[in-house]
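Below: the structure, in structure tokens.
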Amino acid sequence: MKKMIKVVIGLVLALVLLVLAAVGVAIWKMDSIAKRGLEAGGTHALGVDTTVDSVSISLMGGTVGVYGMKVDNPEGFHSDSITDFKSFDIAVVTSSLFEPVIEVPSIDLSDLTMNIEKAGGKTNVNVIVENLKKLGGETADAPKEEGGSGKKVKVGRVTIKNITANVQLMELGGQASTVHVNVPELVLDDVSSDEGVPMAEVIKRIWPAILAAIVEKGGDIIPVDLLNDLRGDVMGLATSLGGDAAKLMSQVGGDLGKQLGDVAGQLGEGVGKAVEDVTGKLGEDVGKSVEEGVGKILGGKKTGDGESTEGSNAVEEGTKKLTEGLGNLLGGDKKK
């Protein structure tokens with residue numbers, strides 16, 4: 031009997047060890063998937079290689095730790111990287127890891143370095159800006175993580191502490207021609223909506239906001255000509271990436287933040303005006319069709335039975351135009 035109990039206990043312990051081993055393998059695989067997802071998202075959004083040293087996921091704690099994220103400098107520039115993140119912690123609602131949209135209440139980053147330099151008449155920032163502009167407001171074609179699952183993330187607050195920008199004033203470089211801009215803290219709220227966005231979209235929104243904060247803080251340090259170039263890059267990004275990105279960038283505060291807020295407002299007004307113009311045009315066309323139809327009913331050619339065939343055809347045509355117009359306005363079938 032005792033021997034049987036020992037056998038049973040041994041089997042139970044073996045089963046527990048197997049389960050723990052399986053969980054360990056699963057967590058390791060999740061770490062690996064998250065690492066590749068961040069690298070693919072950064073590379074896609076910024077247009078240069080993005081690498082991550084390691085990712086550590088704690089299911090019990092609901093956190094994801096990311097260590098050593100580096101964004102390579104575009105070709106033709108001296109520094110090894112344009113942006114380095116020493117580490118950041120991502121708070122995750124654990125149950126959402128298995129849902130289409132992963133809920134991320136907060137992301138806390140620390141010790142971020144950006145190297146800004148000029149070569150061949152342009153800055154490395156300008157190259158990244160042009161890469162971001164190519165995406166415009168779309169990241170639907172962002173690379174999917176391993177397994178083909180197009181996961182999206184809903185991100186609440188992003189806090190970045192100790193941002194340091196090394197701004198090279200001359201193309202030859204060197205410490206003597208470099209100024210250092212420090213942003214103690216940058217807080218960004220409502221990074222993405224309830225529907226979630228791809229990780230590439232999150233990176234595409236955060237990076238310009240970091241740049242905007244550096245430009246705003248460096249107003250009294252960076253030479254005017256270079257500062258104006260960087261301001262132009264920031265404003266161009268806000269316009270190109272759309273209202274959501276511009277709103278996020280406006281949270282840097284100061285004069286630049288106000289200007290970015292105005293851009294976000296104008297972009298919003300532009301969408302509203304476009305809808306209003308379409309609606310007004312549709313109303314004019316429908317009104318004209320009805321007016322013509324009524325006129326033809328009242329004054330059209332008569333048949334032998336006394337009916338106006340021209341008026342009848344006009345009513346039918348007017349109805350067709352009304353149906354097509356409403357269909358287009360409400361998002362009906364598009365021509366293939």
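Take any residue in the sequence shown, note its place counting from 1, add 30, and you have its number in the numbering used here.
For each residue, glycine too, the CB sits at the ideal point set by N, CA and C.
Quick caveat: nothing in here was measured; it's all calculated off a predicted structure.
Cut-off 8 Å between Cβ atoms - residues of its own chain near residue i, not counting five sequence neighbours on either side
i	result
A149	G106, F107, H108, E201
G177	With a pLDDT of only 40 at G177, under 50, the local geometry of the prediction cannot be trusted, and the value read off the model is given with reservation. Taken in chain order, the residues that qualify are I63.
L162	A75, L76, G77, K234, W237, P238, L267, S270, L271
K164	G77
S117	G95, V96, Y97, G98, L139, S140, D141
N156	D259, D263
G92	A121, V122, V123, T124
Per-residue burial, residue i [other beta carbons within 10 Å of its own, 16 or more giving buried]
i	result
Q198	buried
D219	exposed
K311	Bear in mind that a pLDDT of 46 at K311, under 50, signals an unreliable position, so the model cannot answer this.
P135	exposed
H210	exposed
D263	buried
G336	A caution first: G336 carries a pLDDT of 49, below 50, which makes its placement in the model too unreliable to give a value.
K288	exposed
I146	buried
S280	buried
S88	exposed
V227	buried
F128	exposed
M229	buried
E231	buried
Pick from the options that is closest to residue i, judged by C-alpha positions
i	options	result
V221	N196, D274, N192, G248	D274
V94	G151, K163, K277, A121	A121
F115	I63, H210, I240	I240
V419	A294, A64, T73, D102	As displayed, the chain neither begins before 31 nor continues past 366, which places residue 419 out of reach and without an answer.
L257	L267, I244, V282	I244
D61	I112, S86, N154	S86
T113	P104, T143, S88	T143
R235	T194, G186, D102	G186
A268	V183, P253, Q296	Q296
D250	L290, D138, G284	G284
V188	V282, L165, V254	V282
S223	A242, V183, E160	V183
I193	V157, N156, R261, D138	D138
V370	L286, R261, G298	Since the first residue shown for the chain is 31 and the last is 366, residue 370 is missing from the structure and cannot be characterised.
P130	V157, E225, M265, D259	E225
Own chain partners of residue i with C-beta closer than 6 Å, once the 5 adjacent residues on each side are dropped
i	result
I233	G71, G72, A75
T208	N196, Q198
K277	A294
K152	none
K247	V211, V213
N154	N103, P104, F107, I112, E147
K191	S140, E215
V217	T189
S84	Y97
V123	E133
M90	none
G361	Any reading at G361 needs caution, since the residue's pLDDT is 38, under 50, leaving its predicted position unreliable; the model's value is listed next. Result list for G361: empty, nothing under 6 Å.
D255	none
Contacting residues, own chain, Cβ-Cβ under 7 Å from residue i (five flanking each side not counted)
i	result
S126	I132, E133
V82	K65, L68, E69, V96, G98, M99
G291	S280
V101	G72, L76, V78, T80, S111, I112, T113
P253	L199
A242	V264, M279, V282, L286, L290
G298	G273
Residue-level contact to chain C via CB, residue i, 7 Å cutoff
i	result
D83	Given the protein chain composition of this structure (a single chain), no chain C is represented.
Review point. What are the uninterrupted segments assigned as beta strand (DSSP E) that are 3 or more residues long and contained completely in the segment 196 to 271, given in chain order?
Key: 208 to 218
Point to revise | Length at least 3, wholly inside the segment 104 to 161: the beta strand (DSSP E) runs in chain order | key: 111 to 121, 131 to 146
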